[in-house]
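**Student:** Start counting at 1 in the sequence shown, then tack on 40, and there's your number in the numbering used here.
All C-beta atoms, glycine included, are put in the ideal place defined by N, C-alpha and C.
Computed from a predicted structure; not experimentally measured.
Mind having a look at this structure? Questions to follow.
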Amino acid sequence: MSRRPLPAPVFPGERPSDLAALLRSCVDDPRRVTTDLPRRVAAAHDASPYLFAPQAVVRAASAAEVGALMAGARAAGLPLTLRSGGTSLAGQAGGDGILVDVRSHWRKAEVLDNGHRVRLQPGLTVRQANARLARYGRRLGPDPASESACTVGGLVANNSSGMNCGTQDNAYHTMESLQFVLPSGTVIDSGAADADERLRAREPELHAGLVRLRERVRSSPRARATVERLFAMKNTMGYGLNSFLDHTAPADLLAHLMIGSEGTLGFVGEAVFRTVPILPHAATGLLILPGLAEATDALPALLAAGARTAELLDASSLRVAQLDPGSGAALRGLRVEHHAALLVEFAEDTAERLEEVAAAARPVLERLPAVTGTALTRDPRERARLWHLRKGLYTAVAGARRPGTTALLEDIAVPMDRLTRTCEGLIGLFDRHGYEDAVIFGHARDGNVHFMLTQDFDSRAETDRYARFTDDMVDLVLDAEGTLKAEHGTGRAMAPFVRRQYGDELYDVMRELKRLCDPAGVLNPGVLLDDDPAAHLRRLKSVPAVDPAVDACVECGYCEPVCPTADVTTTPRQRIALQREIALAVAAGDDARRRELEDDYAYAAVDSCAADSLCVTACPVTIDTGAVMKRLRGERHGPLAQHAGRVAARHWGTAVKGVRIGLDAAHAVPAPLTGAATKVMRRLGATDLVPAWSPDIPRGGGPRPAARRTPTARAVFFAACIGSVFASEDGGDSERGVSGGRASGSAGAFLSLCERAGVDVDVPETAGLCCGTPWQSKGYTQGHRAMAARTLDALWTASDNGRLPVVCDASSCTHGLGELAAALPEAERERYAGLRFVDSVSFTAETLLPLLPRAPRLDSLALHPTCSTVHLGITGDLRTVAEAVAGAVTVPDSWGCCAFAGDRGLLHPEVTAGATAAQAAEVNEREHDGYASCNRTCEMGMTRATGRPYRHILELLADALDRSEATAG
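Written out as C-alpha cells, the structure reads:
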C-alpha cells in the first residue's frame, strides 16, 4: 500500500498557519476537508451527552489517507477523533481537534465462504451488513439494538454485543482478522501470514512492549484473576486485557486489543468476521412475575431449558409499557406494584426443533409464579408486538422527557447471583437522587442491565445531582464485583473510574499500552483513560428547546442511514443540532455565529432536504424532520408567494399544459442554448424555481385518461398528473401516445391491465386536480389547502361517497392523497374520512394479478422501491408484481431514497447524485433485462443515476402481456 509523505513537523504548542491546507495535503480530494463553522458544528453532535468543537472535519477515503491525517494531527499538535455512525453513548465519537469521518467512503462488503465469513469496512451499518448475509442464512454475531444505525466501525471500537450474542458471539470472539492503521502510519493486516514479522520490523518498540505487557499480566496472579473475573461477564470498561491471556503473537494481541479500544490505539479499516446462523423459527412470551427476585431466580432454569433471549423489565418499565396501545389486555389490566417481567424467546433452525425445545421447556414455564400466564407465541405479529414493548421503552421515556433535558442510557453487568440486589440498589438510588422517570431493562441472561434516566445539565445543581448519583452507582456496581460498562464502551463517561475498577497494576498496563501505540497521545485523548476525577462532568451538552416538533430528539443518529442527503449536505440529526446551535448563539448574543449558521441553514438544511420523511420511520421518538423542513419552507414564503401558490392550484390544468409545451420546446432547441438559458436564470437566484437543464429530462407527457363511468366499477382511477407532465421511458407520450396499441405510461398500463382482467374502473374528470404534494413539499400552504378542497370533493363524488377505493398510479401521489385531508380545517376533515386510497401496485397485486394470464417473464429485473412504498407499507406488493414480470428480482443492498423528490432532483441535481451513487454502482455491476420502480420522478432519478431505462412496473407487466398476446396471435 502506498505511503504518503508526512507533513513537515510543527514545534510543540505551535499551530500551522493554515490547518485546512495541511489537511488537504493529506487527502486526494481537497473538497473532503472543511473548516467551515456550519459543517464542523453539524458533525460534532453525536448520541452522547458530551459536545466538543472540532477545528476541522475530513472525509477520509483510504488507509493511507488516515495514516497521513494522523501524521498531520501530530504536526499540528491537535487530537484526532475517528467518527463513523456517531451512535455511541459515552462520548467516544467527539473531540476538539480533527474529526475524521470514516463512514462516507467505507461501505464495502465482501461475503466469503458462502456467508460463513464476511469482510467489512467500518462505514456499513450492522443492518446493511446483515442484509448481505441474509441470503446465505447467516448474520453477524453481535446484535446491538442500534443495528439500524451503528456501524461496523463502532461495533469493533466498542466490542459490541447485544440481546442474543452473550460474550461468546460478540465482536471480540467472532473477529477473525483486522486491517488497522497505527498512529505512525503503519498498516497491519493481522490475517496476513507475515503480520507478526511486519509488526516487528515496522514497530520494534511496540512489538517488544506487547510481549512485555503480555508476560506482566500472565505472571501476576492478582492481575490474571481480575481479568478472568471481569471478562467472564460482558465488559467494555477499559482495554480488552483478556487479549493478553487469549493470544500470544503480538500481531494477534494487538488486533484483539483494537477491539473495544474506542479509536485510541489506531484505525480499523477492514474487519473479517466469522458469522452465525440465522434461527428463523422462534417462540416468544412475556412472563410477568411478582418481583425482581422471582424474575432473576427464574433465569437459570429458563436458560438451561434453551431460552436464547431473556430480557428483564422492572416495575417502572412495565408501567411505561402499559401506556403503549399494543400492550395487551393482560398487562394493561395489571396493577403493577413490585412486579418484574422477563421477555423470553426460544429460537431454532427448524420448526420441528423449536417444537421439541418449547415442549421440553413447558414444565419449567409452568413452575414459574407468573401472574399473567406463560404462553409462548409463534405468530410473527404477536411476537413483534411483544418486542415492541421492550424496544419501545427508550422511545416512551425519551419522547416524554421535559424539553431541554438529555436522555441518558447507561449499562452495567454484575455476576448473575448479584443481579437482584444490584437492580434493587439502583431503584433505591433513583429514589434517593430524584430520578422519578428512571427505568431498568436489559439482557438478564448476561447479568447485563441498562438503566435510563433524564437529566438537565444546564445548572450546577443538576450537574452536581448527576455527579452524586454516578458516584453512588459506581460504589454499588463495584461492590458487587461488576463492571461499569458492559456494552456501550467506556468513552468519557466512565474513563475516570477505570483505575478503580481494575486496580493500579492493570491500569498501568493500559497506560503503557496507550503509550506504546500512540506515543504522541494524538488519538482520542480523554477517551477510555482519564486521570481527571471530574472528566465525566465536563463538556456536557446543552439542549435548548427550539421547536416542539423536534425537541424530543436525542441526537442518536438512527435517522442518518436512511437520509438521502447524508453524504451531500446534512442529516436530520444535523438539521436539528444546527437549530439548537443557532438558539445557543442567540442566547449568547453571538450574532456573527448566528448569521453564519443561519445563512448556511437555508440550503444545507431546508432547501436540500428531499422531505421524503424516511427519517420518521427510523427515529425512535418519531420525529418527522422532513415535515419540519417543509414547514420552514412555508414560513419563508410571504403573502405574495402564498397567493401565487394558490393561483397555481386554481389553474393547475393550464399549468400542466404549459410545462408539457415548455418541455417539448426545450427539446426542440439545441441543448446548449437551453442549458445556457436555465443557467442564467438560476444564477439570478431562481435555483428553487428553474431546473438545471439536462438532455435526459423527458419530453412532455400526454393528456390524462378521458373521464368515463360504468355501473360495474370496482374502483375509481385517479391518474397522477406527473405522468402528464413527463413522458415515460418507452418513447414519449407526446410523440406517440400509444405503446403496443395502448396509451403509454403508467396510467395507460394500469387501464390496459384492468381491461385484460375484466375489472371495470371509473375515471373521473381530473383536469386541474392533483394530490397536492407539490404544494406541500414547497410549503405553499394556501395552494395545498385549495387543491385539497377541490380534489377531495371531486373524489368524494366520484367514489360514491367513499364506497369505491381511489386508485392512483404513482406511489408518491397515493401517499400525498392520503395526507390531503390534513391540509383542511378540522371541521372539513371528517367528511372525507371514508375515502380509501390504494396504490395501483397494490390494486394490481391483490385484485388484477389473480385474474390476468401468466405473462412470459424477463430473466432479471432491478427494482427500485420508493420512499412512498415504505410509508404506504406496499413494498411487498411491489415485489409481488415484479416477480410476475421477472424470474429474478433484485433490490440493491444499498437501496435508499433517490432524493428526486418531485422536482428537487431537477433543482438540486447534486442531491440526487449523492443519494443514488452507491445503489447506481451496485445496479451497474451487472446487466438486467428490466429496470423498474413505481413513481415517474423516481424512475427519472434512477435513469439519470444508472444510465438505464427505469419504467413503472405496471408498464413492464403490460408490455409482457402485449408480447404474449402478439406471439399467440
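So, for residue 79: in the same chain, excluding its five sequence neighbours on each side, which residues have a beta-carbon less than 7 Å away from its beta-carbon?
**Tutor:** If you number the sequence shown from 1, residue 79 lands on position 39. Excluding positions up to five away in sequence, the list reads 97.
**Student:** Pull up the DSSP beta-bridge partners for residue 992, would you.
**Tutor:** Working through the sequence shown from its first residue, we reach residue 992 at position 952. Answer by DSSP bridge pairing, in chain order: 973.
**Student:** Contact check, residue 141 vs residue 595 under 8 Å by CB: the rounded distance?
**Tutor:** Here residue 141 refers to the residue found at position 101 of the sequence shown. Here residue 595 refers to the residue found at position 555 of the sequence shown. Incorrect: roughly 17 Å between the Cβ atoms, too far for contact.
**Student:** Identify every run of the beta strand (DSSP E) within the stretch 446-515, keeping only runs that are complete inside it and at least 3 residues long; order them along the chain.
**Tutor:** Those beta strand (DSSP E) runs which fall completely within the stretch 446-515 and span 3+ residues are 446-453, 479-483, 488-495.
**Student:** Which same chain residues, not among the five before or five after residue 214, have their C-beta less than 6 Å away from its C-beta?
**Tutor:** Looking up residue 214 in the sequence shown gives position 174. Counting only Cβ-Cβ distances below 6 Å, and skipping sequence neighbours, we find 181, 313, 314.
**Student:** Hey, would you say residue 808 sits closer than 7 Å to residue 787, going by beta carbons?
**Tutor:** Indexing the sequence shown from 1 puts residue 808 at position 768. Indexing the sequence shown from 1 puts residue 787 at position 747. Cβ distance not < 7 Å, so residue 808 and residue 787 don't count as in contact.
**Student:** Once you ignore the five residues that flank residue 990 on each side, which residues in its own chain have a CB closer than 7 Å to its CB?
**Tutor:** Here residue 990 refers to the residue found at position 950 when the sequence shown is read from its first residue. Here the set comprises 769, 904, 971, 972, 973, 979, 982, 983.
**Student:** Drop a sphere of 10 angstroms on the beta-carbon of residue 328, count the other beta-carbons inside from all chains shown, and report buried for 16 or more, exposed for fewer.
**Tutor:** Within the sequence shown, numbered from 1, the residue matching residue 328 stands at position 288. With 16 or more Cβ atoms within 10 Å of its Cβ, residue 328 is classed as buried.
**Student:** Starting from the C-beta of residue 539, find all residues in its chain whose C-beta is less than 7 Å away, skip the five residues before and the five after it, and write them out in chain order.
**Tutor:** To locate residue 539, count along the sequence shown from 1; it is residue 499. 547.
**Student:** CA-CA distance, residue 84 and residue 622?
**Tutor:** For the purposes of this step, residue 84 is taken as the residue at position 44 of the sequence shown. For the purposes of this step, residue 622 is taken as the residue at position 582 of the sequence shown. Their Cα atoms are separated by approximately 14 Å.
**Student:** Count the CB pairs spanning the stretch 215-231 and the stretch 103-113 that are closer than 8 Å, and state whether there are at least three.
**Tutor:** Short answer: they touch.
**Student:** Say whether the stretch 664-679 touches the stretch 787-800, bearing in mind that this needs 3 or more beta-carbon pairs closer than 8 Å, one atom from each stretch.
**Tutor:** Contact fails: fewer than three Cβ-Cβ distances are below 8 Å.
**Student:** Applying the 10 Å Cβ sphere with the 16-neighbour rule, what's the burial state of residue 778?
**Tutor:** One-based indexing of the sequence shown puts residue 778 at position 738. In this predicted model, residue 778 has a pLDDT of only 39, less than 50, meaning its place in the structure is not dependable enough to derive any value.
**Student:** Would residue 497 pass as a contact of residue 473 if the rule is Cβ separation under 7 Å?
**Tutor:** By one-based count along the sequence shown, residue 497 stands at place 457. By one-based count along the sequence shown, residue 473 stands at place 433. Not closer than 7 Å, so no.
**Student:** For the alpha helix (DSSP H) containing residue 357, name the first residue and the last one.
**Tutor:** The residue you call residue 357 lines up with position 317 of the sequence shown. Per DSSP, residue 357 belongs to the alpha helix (DSSP H) from 355-362.
**Student:** I want to know whether the stretch 350-360 touches the stretch 461-481 - three or more CB-CB distances under 8 Å.
**Tutor:** Contact holds: three or more Cβ-Cβ distances are below 8 Å.
**Student:** Is the closest heavy atom of the ligand GTP to the C-beta of residue 86 under 6 Å?
**Tutor:** Ligands displayed in this structure: none; no statement on the ligand GTP is therefore possible.
**Student:** Residues in the same chain with beta-carbon distance under 8 Å from residue 624, minus the five sequence neighbours each way, listed in chain order, please.
**Tutor:** Taking the sequence shown and counting its residues from 1, one reaches residue 624 at position 584. Excluding sequence neighbours, residue 624 sits near 582, 584.
**Student:** For residue 154, does the count of other Cβ atoms within 10 angstroms reach 16, so buried, or fall short, so exposed?
**Tutor:** Stepping through the sequence shown from its first residue, residue 154 is reached at position 114. By the 10 Å Cβ count, residue 154 comes out exposed.
**Student:** Since residue 752 is in the beta strand (DSSP E), which residue starts that stretch and which ends it?
**Tutor:** By 1-based counting over the sequence shown, the position of residue 752 is 712. Counting along the chain, residue 752 falls outside any beta strand (DSSP E), and DSSP gives it neither H nor E.
**Student:** So residue 257 and residue 103 are in contact, right, with Cβ under 8 Å, and what is the actual spacing, rounded?
**Tutor:** To locate residue 257, count along the sequence shown from 1; it is residue 217. To locate residue 103, count along the sequence shown from 1; it is residue 63. 30 Å between Cβ atoms; not a contact.
**Student:** Report yes if the C-beta distance between residue 158 and residue 166 is below 7 Å; otherwise report no.
**Tutor:** Residue numbering aside, residue 158 sits at position 118 when the sequence shown is read from its first letter. Residue numbering aside, residue 166 sits at position 126 when the sequence shown is read from its first letter. No, they are not a contact pair.
**Student:** Would you say residue 840 reaches chain C, if we count a Cβ-Cβ gap shorter than 7 Å as a contact?
**Tutor:** Of the protein chains in this structure there is only one, and it is not chain C.
**Student:** Taking the runs of the alpha helix (DSSP H) that are 4 residues or longer, which of them lie wholly in the stretch 63-107?
**Tutor:** The stretch 63-107 contains these whole alpha helix (DSSP H) runs: 77-84.
**Student:** Thinking C-alpha only, which one of 652, 137, 90 is nearest residue 951?
**Tutor:** To locate residue 951, count along the sequence shown from 1; it is residue 911. Selected option, being the one with the closest Cα: 652.
**Student:** Do you know whose CA, among 164, 390, 432, 617, lies nearest residue 81's CA?
**Tutor:** One-based indexing of the sequence shown puts residue 81 at position 41. Nearest C-alpha to residue 81: 617.
**Student:** Cα separation between residue 245 and residue 90?
**Tutor:** Taking the sequence shown and counting its residues from 1, one reaches residue 245 at position 205. Taking the sequence shown and counting its residues from 1, one reaches residue 90 at position 50. Spanning the two alpha carbons is a distance of roughly 35 Å.
**Student:** Please check the pair residue 648 and residue 609, which I expect to be a contact at CB under 8 Å, by giving their CB distance rounded to whole angstroms.
**Tutor:** As a position in the sequence shown, residue 648 is number 608, starting the count at 1. As a position in the sequence shown, residue 609 is number 569, starting the count at 1. Contact flag correct, Cβ pair sits at about 4 Å.
**Student:** Measuring straight from C-alpha to C-alpha, what distance separates residue 324 and residue 414?
**Tutor:** As a working note, residue 324 is residue 284 in the sequence shown. As a working note, residue 414 is residue 374 in the sequence shown. Roughly 10 Å between the two C-alpha positions.
**Student:** Going along the chain, which residues of its own chain have a beta-carbon closer than 6 Å to the beta-carbon of residue 686, five neighbours each way excluded?
**Tutor:** Here residue 686 refers to the residue found at position 646 when the sequence shown is read from its first residue. 822, 823, 826.
**Student:** Quick one: what does DSSP say residue 271 is sitting in, helix, strand or coil?
**Tutor:** Sequence index remark: in the sequence shown, residue 271 carries index 231 (1-based). Reduced to three states, the DSSP call for residue 271 is coil.
**Student:** Can you tell me the Cα-Cα spacing of residue 267 and residue 161, whole angstroms?
**Tutor:** In the sequence shown, residue 267 corresponds to position 227, counting from 1. In the sequence shown, residue 161 corresponds to position 121, counting from 1. Distance between the alpha carbons of residue 267 and residue 161 is about 30 Å.
**Student:** Does the stretch 869-886 come into contact with the stretch 914-921, if we say contact requires no fewer than three beta-carbon pairs (one atom in each stretch) closer than 8 Å?
**Tutor:** With a cut-off of 8 Å, the stretch 914-921 and the stretch 869-886 count as touching, because enough Cβ pairs lie within range.
**Student:** Considering only residues of the same chain and omitting the five flanking positions on each side of residue 911, which have a CB-CB separation below 6 Å?
**Tutor:** Here residue 911 is taken as the residue at index 871 of the sequence shown, counted from 1. Only 855 meet the Cβ criterion.
**Student:** May I have the straight-line CA-CA distance separating residue 230 from residue 565, to the nearest angstrom?
**Tutor:** Against the sequence shown, residue 230 aligns to sequence position 190. Against the sequence shown, residue 565 aligns to sequence position 525. Cα to Cα, the separation comes out at about 25 Å.
**Student:** Which partner residues of residue 928 appear in the DSSP bridge assignment?
**Tutor:** Numbered from its first residue, the sequence shown carries residue 928 at position 888. Partner(s): 900.
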